[in-house]
Amino acid sequence: MYLNKADILLGLQWGDEGKGKIVDVITPSYDIVARFQGGPNAGHTLEFNGIKHVLHTIPSGIFHDHVKNVIGNGVVIDPIVFAKEIKALAERGVDVKSRLMLSRKAHLILPTHRMLDAASEAEKGKAKIGSTLKGIGPTYMDKTGRNGLRVGDILEPEFQERYNALVEKHKKMLANYNYQYDITELEKEWMSGIDVLRSLTIIDSEHYLNQALLDGKKILAEGAQGSLLDIDFGSYPFVTSSNTVAAGACTGLGLAPSRIGDVLGIFKAYCTRVGSGPFPTELEDETGEQMRQIGKEFGSTTGRPRRCGWLDIPALKYACMINGVTELIMMKTDVLSGFETLKICTHYNLNGEKIDYLPYDIDPSKVQPIYKEVKGWNSDLTGMRSLEELPKELIEYIEFVEATLGIPVTYVSVGPDRTQTIIRGKVSA
Ligand code: GDP
Ligand code: IMO
Ligand code: MG
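Numbering (the working numbering), first residue to last: 62 to 490.
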């Protein structure tokens, strides 16, 4: 009999909602934190005791010594980025080896995957996805095309041979792109990264996690990217190459749907997007610039400026439906302080018709947002630690979102630090 179920925390927008911060905040209630998809395209920021740390592949529970962190089969790993992450953590005194485990079935990002990503984007020109160029797309293509290399392969005697064969295949593809590259140095670094991987605990993570549930352990599955970047349900083709939604936690960890408990959906009090693709509530004006500056909206992985805009309820509603969200977590409320009026997109105008759902095509030429205007607040929220201190306009903003989505907002974030978090109700566990 399974005593308990795994909870999932995932982004409801276009990524960068603040997943890293909240996973770190709620980790004390869990025994295991597991990443289930994505790879080094992710940048999850944690801040506490005056330090700021950005994680790419390693789960955000890594700073807690009682917790095991698992990189699941659905994740793609670049040994170069990974080795750097481990080094940066070791420099901060984190004993990664005793806290981290890797699935044998996770796929590897090769240097040539990165080249293919860059070549493909260059060829697309203006139509480019705006990829982080970490090799994510080509690696997942090799996974579904049944050509990929997995973590388990690095322990096999014929690993080098398999690596060479895949690189040869990639070189032929790169020749078609007419793309100039040199991977000599990258390849050396990659092989040292493989040695780092070999020194870690490599496991059959699906067995480990299912047994942990049987043993009564609490598991938190940590999503990367956001629901609107999901390969099936996002703003295709401007998406990432994995299932970022709750179902991705089942396939990416080997947990059956019946083993999933609460789904914690995290969103910013406004909206951001980095990279190309439609963004109905985008503000390409001073207000958008104000959000970017106050919210420090620059990519954690690439440093690119993030596009900013108002909160989009039809998009959130869609994400809540696809994910079966049971609790909402609202982030970056402090960034909205000082705006006299706030706008919330409640509907879209689709060819003259007022709709309240996310349509197939959200290109600005097809849909225009319809806004409700609400009164803003002026107070600085960053020093507030209790619900009673929050301005009544913010409480009304939260209650409006709750009522519209029919799901409680349980945590409210008022700054990047661990302590800048206000609890309204339960986060599962
Ligand atoms: P993730 O990818 O979802 O983990 O999010 P990122 O780390 O890429 O981006 C979120 C950014 O917002 C990071 O720089 C966080 O430190 C910061 N952040 C998180 N929560 C808050 C908040 O409530 N207020 C402010 N001002 N910043 C926050
Ligand atoms: P976290 O986990 C925000 C975006 C890229 C691009 C598209 C495809 O930090 O929230 P890819 O590199 O996957 O081929 O890029 O997806 N993207 C992200 N945007 N946060 C992320 O991760 C992202 N990971 C990918 O900007 O538009
Ligand atoms: Mg991020």
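No residue lacks a Cβ here, since even glycine has one placed at the ideal position from N, Cα and C.
Please report the distance separating the alpha-carbon of residue i from that of residue j.
i	j	result
T348	Y472	26 Å
R446	I170	42 Å
L261	L161	8 Å
D373	T387	19 Å
I327	E78	6 Å
E283	H408	30 Å
A179	V228	16 Å
V488	I423	32 Å
D323	A307	10 Å
R259	I215	7 Å
T362	L289	18 Å
A183	Q241	11 Å
R175	Y238	14 Å
G81	M352	20 Å
K195	A103	10 Å
A310	P318	9 Å
S440	D85	27 Å
N208	A226	10 Å
E350	S164	42 Å
L107	Q481	12 Å
G476	C406	24 Å
A490	K378	Unreliable positioning characterises A490 in this predicted model, as indicated by a pLDDT of 49, which lies under 50. A coordinate reading is not provided.
G154	Y331	35 Å
W75	W371	13 Å
Y269	L316	11 Å
K233	L177	11 Å
E457	F109	29 Å
I483	G186	44 Å
Pull up the CB-CB distance for residue i and residue j, whole angstroms please, since I reckon it's below 8 Å.
i	j	result
G336	F299	7 Å
S302	Y201	4 Å
L448	R479	18 Å between Cβ atoms; not a contact.
P420	T342	Contact doesn't hold; Cβ gap of about 14 Å is too wide.
I280	Y91	7 Å
G198	T312	No, G198 and T312 are not in contact; Cβ-Cβ is about 18 Å, not under 8 Å.
I383	F461	Between F461 and I383 the Cβ distance is about 22 Å, and since that is not below 8 Å, they are no contact.
K393	G356	6 Å
S398	L442	6 Å
G277	N65	6 Å
Output yes or no for whether 8 Å exceeds the beta carbon distance between residue i and residue j.
i	j	result
L344	C381	no
F97	L314	yes
P404	E434	Note that residue 404 corresponds to Lys in the displayed sequence, not to Pro. Their beta carbons are under 8 Å apart, which means K404 touches E434 by this criterion.
R365	T333	no
I141	E250	yes
I83	L71	no
H168	L210	yes
V131	P120	yes
V157	I123	yes
I93	A285	no
F400	G360	no
N503	D291	Within the shown structure, residues of the chain are numbered from 62 to 490, placing residue 503 beyond reach of any answer.
L455	I390	no
I222	P172	It is worth fixing the name first, because residue 222 is Glu in this sequence and not Ile. The answer is no: Cβ separation not under 8 Å.
G287	L116	no
P375	D417	yes
G100	T118	yes
G213	K166	yes
Can you have a look at residue i and say buried or exposed, based on whether 16 or more other CB atoms are within 10 angstroms of its CB?
i	result
A67	buried
E219	exposed
D139	buried
H114	buried
K329	buried
H231	buried
S181	buried
E217	exposed
E358	buried
L275	exposed
P469	exposed
A464	exposed
D395	buried
S159	exposed
S52	Lying before the first or after the last residue shown, residue 52 is absent from the chain, which here runs from 62 to 490.
T205	exposed
Y224	buried
G444	exposed
S426	exposed
E146	buried
H127	exposed
H105	buried
A188	exposed
Inset, instruction - Just jot down, in chain order, the residues whose CB lies closer than 5 Å to any heavy atom of ligand 3. - result: The set, ordered by position in the chain, is D77, G104, S361.
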